[in-house]
Structure formats: C-alpha cells, structure tokens
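Report on the following structure.
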Amino acid sequence: SLYGQLGTEWAQALNGTIQAMRQENEWAAAFQQNQLAAMPNYDEYLDCGRRSVGGPPHMWAAILTTNDSTAAQQRAFLGRMVDQSAAIIRLANDLQTYERELAEGKLNSLQILCHAPHDDRLPAGASIHDASQYVQAQIEETLDQLLAMGQQPRTVTGRPERALVRIAQYVAEFYRRNDFHTAMGQGVPG
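According to the numbering used here, the stretch in the sequence shown is residues 1 to 190, in order.
Right, here's the structure in full:
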C-alpha cells in the first residue's frame, strides 16, 4: 500500500509539526523576556515555521489519498514540493496574522525582518510595510517555483503534484482574506 511506503514521511511530518510548535513556544517565551536576543534569523524562523504551520502532515496525507503508486519513488521531489507549499502557507499566514501575533507576544517573519540583527534582506530600520512587501514577493517567487514543479510531474498521474500546488494556492488565498483564528463561520474562499 502507498501508506506502507510513505507512512513514515507522514509520521515524521506530524512529529516535525509538534517539535516546531514547541520551538516557537520557546522562542516566544524568550522573546517576551528579552526581545532581540531571542529572535531566530529569518531562515531559522522559516524552516521552523513551515513545519509549525501544520501543513506538511496534511500534504503527505493528501499524497497518500492520490493512490499514485509512483509517489513513493518520487518522495524526495514531493518532499521539496511539500516544503515549498508549507513555506508559502507560513508566509501567507504571517502577513495576515502579524498584528494578532504581535499582541500575543509571538514571533512572525515580519518582526524578524524588521528587527533581527545580522540580516541584510532589508535595510536597518525597515518598516512593517517593507517587510510585508518582501514576504509577499517571497510568496510569489516560491509559488512560481512550485507551479513549475507541478507542471512537470514526476509521478505517473501527476495527482500528488497537483494536490500540493492546489493546497498552497487555496491556503494562500484563504490567508489573503482570513485568519484561521478569526474566520470561524465566515466561509472560505471559493
């Protein structure tokens, strides 16, 4: 069965989500005590954030439900697509939830871009608007890369690749309008 071949990836993704959530809680606790010293750099944050956002276990589950027997042979390629999809979701989430997370004392990529020492992505003293533009550009660039991968599927059916692209597109569009914490009962994008 496909689960027998890819179940480990799903389980590792679920464990990775839990571990990343724990890391973010540790960063938030330290950040609340000593702001800048507690901040990870942008790359560390995004690596953790793409896992903590919870997408990877759902994406591997989606791959399993495609019933494409060649997905197991393409696990490395699909894993890269999962990582890109999850990065898009994390960054889209950060754009939508910045103010709420700031009020809650949680770290967000926008804060890191504006305040983290030794990060030259933006000039010192960059505004939230500058950080938002940078993050939006990263979303678009990563989505373009993901779309290119999806247009050249390596599985026989292409269903796993299409599923990953659609998940990223759908959730990014959701975050343009909503936040999972505040969208209850408001519907979802069509």
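The beta-carbon is built from N, C-alpha and C at its ideal position, and this holds for glycine as well.
Reduced DSSP secondary structure (H/G/I, E/B, other) of residue i
i    : result
N41  : coil
T97  : helix
A87  : helix
L266 : Within the shown structure, residues of the chain are numbered from 1 to 190, placing residue 266 beyond reach of any answer.
T17  : helix
R22  : helix
A71  : coil
D119 : coil
A29  : helix
C79  : Position check: residue 79 holds Gly in this sequence, whereas Cys was assumed. Three-state result, G79: helix.
T8   : helix
S1   : coil
G49  : helix
A92  : helix
Buried versus exposed, by CB contacts within 10 Å (16 or more), residue i
i    : result
R100 : exposed
V135 : buried
R51  : buried
G105 : exposed
V156 : exposed
A29  : exposed
Y3   : exposed
L143 : buried
E24  : buried
A76  : exposed
S1   : exposed
L78  : buried
Sub-9 Å separation of residue i and residue j beta-carbons
i    : j    : result
G49  : A71  : no
P160 : D68  : yes
M59  : A126 : no
A11  : L164 : no
V74  : R154 : Looking at the sequence provided, one finds Gln at residue 74 rather than Val. Yes.
T17  : P57  : yes
R121 : Y42  : yes
L46  : A87  : yes
G55  : I167 : yes
P40  : A116 : yes
R90  : M149 : no
L64  : L6   : yes
Y98  : I139 : no
Residue range of the unbroken alpha helix (DSSP H) whose run includes residue i
i    : result
D130 : I128 to G150
A163 : R159 to R177
L64  : G55 to T65
Does the stretch 103 to 112 come within contact of the stretch 85 to 94, defined as at least 3 CB pairs closer than 8 Å? yes
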